[in-house]
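Data first, discussion second: the structure below is written as structure tokens.
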Amino acid sequence: MKNSRNNIYIVDFLMSFITVFGVVMFLPMFPHIQEVFGVSVSQISWIPNVAFLTMIIFAILVSKIINRVGIKKLLLISLILWITGIVLEIVALSNLHFYVFVIGRFVEGIGEAFMFPLLLSMNKFELKTLGSEKIGLSLIEFGAALGGLISGIISGNFINNPRQFLVIPICFAIIVGVFIIIKLKPVVLIDTDTESQNKEVKESNKAYISLVLMIFIIQTIFSSIQVYLAYYMDAISSPNLTGFVISIEQILLAIGTIAPIVILKKISLRTTRNIIFLIFVFGTIILSLQISIYLSILGFGIMAFSIGVGFTISNICVTKVISTKVSQKLSIYTAIRNAGGFVLSFIWGNMIASYHESGQSYGEIFRHLYTFEGIIVIGIFIIIIFMQKGEVMFKPEFVQKEL
Numbered sequence: 001m002k003n004s005r006n007n008i009y010i011v012d013f014l015m016s017f018i019t020v021f022g023v024v025m026f027l028p029m030f031p032h033i034q035e036v037f038g039v040s041v042s043q044i045s046w047i048p049n050v051a052f053l054t055m056i057i058f059a060i061l062v063s064k065i066i067n068r069v070g071i072k073k074l075l076l077i078s079l080i081l082w083i084t085g086i087v088l089e090i091v092a093l094s095n096l097h098f099y100v101f102v103i104g105r106f107v108e109g110i111g112e113a114f115m116f117p118l119l120l121s122m123n124k125f126e127l128k129t130l131g132s133e134k135i136g137l138s139l140i141e142f143g144a145a146l147g148g149l150i151s152g153i154i155s156g157n158f159i160n161n162p163r164q165f166l167v168i169p170i171c172f173a174i175i176v177g178v179f180i181i182i183k184l185k186p187v188v189l190i191d192t193d194t195e196s197q198n199k200e201v202k203e204s205n206k207a208y209i210s211l212v213l214m215i216f217i218i219q220t221i222f223s224s225i226q227v228y229l230a231y232y233m234d235a236i237s238s239p240n241l242t243g244f245v246i247s248i249e250q251i252l253l254a255i256g257t258i259a260p261i262v263i264l265k266k267i268s269l270r271t272t273r274n275i276i277f278l279i280f281v282f283g284t285i286i287l288s289l290q291i292s293i294y295l296s297i298l299g300f301g302i303m304a305f306s307i308g309v310g311f312t313i314s315n316i317c318v319t320k321v322i323s324t325k326v327s328q329k330l331s332i333y334t335a336i337r338n339a340g341g342f343v344l345s346f347i348w349g350n351m352i353a354s355y356h357e358s359g360q361s362y363g364e365i366f367r368h369l370y371t372f373e374g375i376i377v378i379g380i381f382i383i384i385i386f387m388q389k390g391e392v393m394f395k396p397e398f399v400q401k402e403l
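Number 194 in the working numbering belongs to position 194 of the sequence shown; there are no gaps in the numbering.
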């Protein structure tokens, strides 16, 4: 018996909300957590880095067990792992054991790694029309964006009381788990090797690879406007506006994730894709020039909105393009997406440290970084256009025909 679309939509929203809530919740607390454990900045950096690495590795492993265990059970297992990791973090804070805290973040990260590939697979198997799938995939990204926003706001009020704060995500997870147990029926997994669910779109490895590349660069750009934002704001003499800009980004990101529900009724995927990448190019130019705080905030804002749109349309495209080895390909897609954040964080972190040690100001450093990013975006955009040329999914008439 199939699940109702509304139950699928609710699970999409709640699980993605929890995933990004967990990713973001420690960011405002880093200085206090560092002080509590008495560790260095390089040691505290393992808290986000271990999460990124876990989400890359274990997202791929989901495809190996999804057919044996099932999506509903794996969603519940991911919540159990998530709660277990947070409990370990509470124990570590109580007993001042930093490496127990890192282990807790590792276990929590495994739970987070499962969630996105499971949601994408569930939507692929349960939602058969582009209209309903578009809503489900928009809600995944909207829930993620809202999870980041709410997490940042709430955790910001518990900076000096992380143990108290960590009770909140545990309560969230328990509520979501109860909903899944009661409302979600087992998802029937069907590998469409012999019969494509979408007759209009024949499976194309070239299209799939182009979408993996597309989600990687979008996630990379997203990381470039958030991870080191505090340093950029310092470079333009506005460090006090960092929190405001992050909030604006998260709000516009959330709006962008649901915008395709309306946009794709009037504009093709190809045109939407082209507009997004043009905004990325002009946005990086604006940020590199550092003309004024107002133009920089505008650049961050329009890029955040476009990133939200890009996340959703990439998810829509990949679930429609693939029809064989679905769970495996969606797991790889998710892992590559997570890799975009890790690669940006790692490379930019080293470059900022290296340039700063050589005597360059943060203004000069970010001028180099965003200029370089703009060039990379143009190069990858050209490759993506070439790879997607002639693919049915990216023909102007496809969306209108489906809707």
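Note that the Cβ used here is the ideal one computed from N, Cα and C, for glycine as well.
Sequence-distant Cβ neighbours of PHE366 in its own chain, meaning closer than 6 Å and more than five residues away, are TYR232 and ALA235. Between the alpha carbons of ASN274 and LEU264 lies a gap of roughly 13 Å.
Contiguous alpha helix (DSSP H) elements confined to the region 320-358 occur at 326-357, taking only those with 4 or more residues. For the pair ILE293 and GLN34, the Cα-to-Cα distance works out to about 31 Å. Going by beta carbons, SER296 and ILE307 fall outside the 8 Å limit. In this structure, SER78 sits near LEU118, with a CB-CB distance shorter than 8 Å.
As for any alpha helix (DSSP H) of minimum length 4 sitting wholly inside the region 194-274, the runs are 205-224, 229-235, 242-258 and 260-263, ordered along the chain. GLY148 counts as buried, since no fewer than 16 other beta carbons sit within 10 angstroms of its beta carbon.
Uninterrupted alpha helix (DSSP H) stretches at least 4 residues long and entirely within the region 45-75 occur at 46-69, given in chain order. Between LEU76 and the set ASN157, MET115, GLY104 and LYS64, the nearest pair of CA atoms involves MET115.
No residue range can be given for HIS97, since it is assigned to no alpha helix (DSSP H) and is classified by DSSP as neither H nor E.
In the pairwise beta carbon analysis, the region 212-230 is classified as touching the region 366-385: at least three pairs are separated by under 8 Å. The Cβ atoms of ILE180 and VAL11 lie closer than 8 Å to each other. At a Cβ-Cβ threshold of 8 Å, ARG163 and ILE90 count as neighbours.
Non-local C-beta neighbours of ILE225 in its own chain, meaning closer than 7 Å and more than five positions away in sequence, comprise GLU249, PHE300, MET303 and ALA304, ordered along the chain. Each residue's CA atom was taken as its position, placing VAL50 and LEU253 some 25 Å apart.
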